[in-house]
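Novice: The opening residue of the sequence shown carries number 370 in this note's numbering; numbering runs sequentially from there. Handing you a structure now.
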Amino acid sequence: MIRHSGPQRIAALAAHCDDIAIGAGGTLLAICSARPGVRVDALVLSGGGTPREDEERAALAAFCPGADLRITVHKMPDGRLPAHWDEAKEAVEELRAQTDPDLIFAPHPGDAHQDHRGLAKLVPTAFRAHHTFGYEIVKWDGDLGRPSVYQPLTPELAEAKVDLLQRHYGSQRHRPWYDREAFLGLARIRGIECNARYAEAFHVAKLTVDLTGGS
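So, in structure tokens, the structure goes:
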């Protein structure tokens with residue numbers, strides 16, 4: 370395991386409210402709990418002006434305790450990102466102008482949902498030399514792949530993530546895939562893959578490291 374000293378600035382991007390929490394909520398909870406004051410800039414492309422935005426703001430505040438949290442939620446229609454490409458591109462560029470993050474969480478290009486996949490393609494056009502961790506979201510499409518980066522989660526963190534998901538996103542509880550078994554099941558599988566009890570996993574296309582130990 371290569372240990373990182375920890376990011377000071379994080380950007381988290383999503384097409385929909387709850388994507389960040391599902392894909393990287395445990396990792397955010399771990400980082401923010403360990404590093405009070407870390408800056409987190411969150412950008413969500415849809416759900417603005419609806420109860421979904423209220424859910425998202427409350428949830429991210431819980432997933433990022435003690436963080437310098439800045440949230441922007443836009444009003445693009447769900448499932449229509451390709452038709453709003455210019456607007457989405459502008460939103461990503463605006464975020465880039467506001468922050469120079471050490472680490473980015475975003476959808477990964479292999480995601481089968483067109484909104485997720487579209488955003489994943491936009492991220493590197495604005496954040497060209499940044500470490501981007503592409504999170505995964507279990508869904509009907511069956512698009513789970515072979516991630517390359519893992520963040521182990523203690524059982525307490527994994528349970529806390531699921532509890533927060535259930536508590537804050539009431540609008541999603543009716544969905545057949547939105548349940549405790551799905552979230553903990555995937556975390557358990559990813560834990561097996563990295564010799565931990567639970568984990569979140571990410572797709573990383575390019576990673577620059579300095580293994581010399583220099584500053």
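All residues carry an ideal CB built from backbone N, CA and C; glycine is no exception. Remember, predicted model here, so these are calculated numbers, not experimental data.
Return the residue from the list Ile400, Ala380 and Ala551 that minimises the CA-CA distance to Leu526.
Specialist: Sequence index remark: in the sequence shown, residue 526 carries index 157 (1-based). Of the candidates Ile400, Ala380 and Ala551, the one whose C-alpha sits nearest the C-alpha of Leu526 is Ile400.
Novice: Tell me the DSSP secondary structure of Phe552 in three-state form.
Specialist: Against the sequence shown, residue 552 aligns to sequence position 183. Helix at Phe552.
Novice: Please list the segments of the alpha helix (DSSP H) lying wholly inside the region 475-563, counting only runs of 4 or more residues, in order along the chain.
Specialist: For the region 475-563, whole alpha helix (DSSP H) runs of length 4 or above, ordered along the chain, are 483-495, 524-537 and 549-562.
Novice: Output needed for Pro376: all residues of its chain with C-beta closer than 6 Å, excluding positions within five of it in sequence on either side, in chain order.
Specialist: Counted from its first residue, the sequence shown places residue 376 at position 7. For Pro376, where only same-chain residues beyond five positions count, the Cβ hits under 6 Å are Asp471 and Leu472.
Novice: Please report the Cβ distance between Pro476 and Ala384, rounded to the nearest whole angstrom; I am assuming they are in contact, meaning their Cβ atoms lie under 8 Å.
Specialist: In the sequence shown, the residue the question calls residue 476 occupies position 107. In the sequence shown, the residue the question calls residue 384 occupies position 15. 7 Å between Cβ atoms; contact.
Novice: Report yes or no: do three or more beta-carbon pairs, one from the region 568-575 and one from the region 532-543, lie closer than 8 Å?
Specialist: Taking 8 Å as the limit for Cβ pairs, the verdict is that the region 532-543 does not touch the region 568-575.
Novice: Can you look up His443 in the DSSP assignment and give me helix, strand or coil?
Specialist: As a first step, residue 443 is located in the sequence shown; it is residue number 74 there, counting from the start. Residue state, collapsed to three classes: coil.
Novice: Identify, in the order they occur along the chain, each residue of the same chain with its Cβ nearer than 8 Å to the Cβ of Arg549, setting aside the five sequence neighbours on each side.
Specialist: Position 180 of the sequence shown, counting from 1, holds the residue named residue 549. Contacts found: Val531 and Gln535.
Novice: Which residues mark the beginning and the end of the alpha helix (DSSP H) in which Arg404 is found?
Specialist: Position 35 of the sequence shown, counting from 1, holds the residue named residue 404. Counting along the chain, Arg404 falls outside any alpha helix (DSSP H), and DSSP gives it neither H nor E.
Novice: Helix, strand or coil for Val409 per DSSP?
Specialist: Indexing the sequence shown from 1 puts residue 409 at position 40. Val409 falls in the strand class under three-state DSSP.
Novice: Determine which residues share a DSSP beta bridge with Asp437 and list them.
Specialist: Translated into the one-based positions of the sequence shown, residue 437 becomes position 68. Paired residues: Arg408.
Novice: Whole angstroms is fine: what's the gap from His500's alpha carbon to Gly435's?
Specialist: Residue 500 sits at position 131 when you count from the first residue of the sequence shown. Residue 435 sits at position 66 when you count from the first residue of the sequence shown. Spanning the two alpha carbons is a distance of roughly 23 Å.
Novice: Looking only at its chain, what residues have a beta carbon closer than 6 Å to the beta carbon of Ala381, apart from the 5 residues adjacent to it on each side?
Specialist: On the sequence shown, position 12 is the one that residue 381 refers to. Taken in chain order, the residues that qualify are Ile389, Ala411 and Phe474.
Novice: DSSP three-state call for Arg566: helix, strand or coil?
Specialist: Numbered from 1 along the sequence shown, position 197 holds the residue referred to as residue 566. Arg566: coil per DSSP, three-state reduction.
Novice: Are Gly416 and Glu425 closer than 9 Å when you measure CB to CB?
Specialist: Here residue 416 refers to the residue found at position 47 when the sequence shown is read from its first residue. Here residue 425 refers to the residue found at position 56 when the sequence shown is read from its first residue. Cβ distance < 9 Å, so Gly416 and Glu425 count as in contact.
Novice: What is the DSSP secondary structure of Leu472, counted as helix, strand or coil?
Specialist: Here residue 472 is taken as the residue at index 103 of the sequence shown, counted from 1. Three-state result, Leu472: strand.
Novice: Is the CB-CB distance between Tyr567 and Leu553 below 9 Å?
Specialist: Start at 1 with the first residue of the sequence shown, and residue 567 comes out as number 198. Start at 1 with the first residue of the sequence shown, and residue 553 comes out as number 184. Yes, Cβ-Cβ distance for Tyr567 and Leu553 is below 9 Å.
Novice: According to DSSP, is Arg378 part of a helix, a strand, or is it coil?
Specialist: Looking up residue 378 in the sequence shown gives position 9. The answer is strand: DSSP assigns Arg378 an E or B state.
Novice: Output needed for Trp546: all residues of its chain with C-beta closer than 8 Å, excluding positions within five of it in sequence on either side, in chain order.
Specialist: The residue given as residue 546 occupies position 177 in the sequence shown. Correct list, in chain order: Val507, Lys508 and Trp509.
Novice: From Gly511 to Gly479, what distance separates their C-alpha atoms?
Specialist: Position 142 of the sequence shown holds residue 511. Position 110 of the sequence shown holds residue 479. So the two alpha carbons sit approximately 11 Å from each other.
Novice: Label Thr494 either buried or exposed according to how many other C-beta atoms from any shown protein chain fall within 10 Å of its C-beta, with 16 as the threshold for buried.
Specialist: To locate residue 494, count along the sequence shown from 1; it is residue 125. Exposed is the call here.
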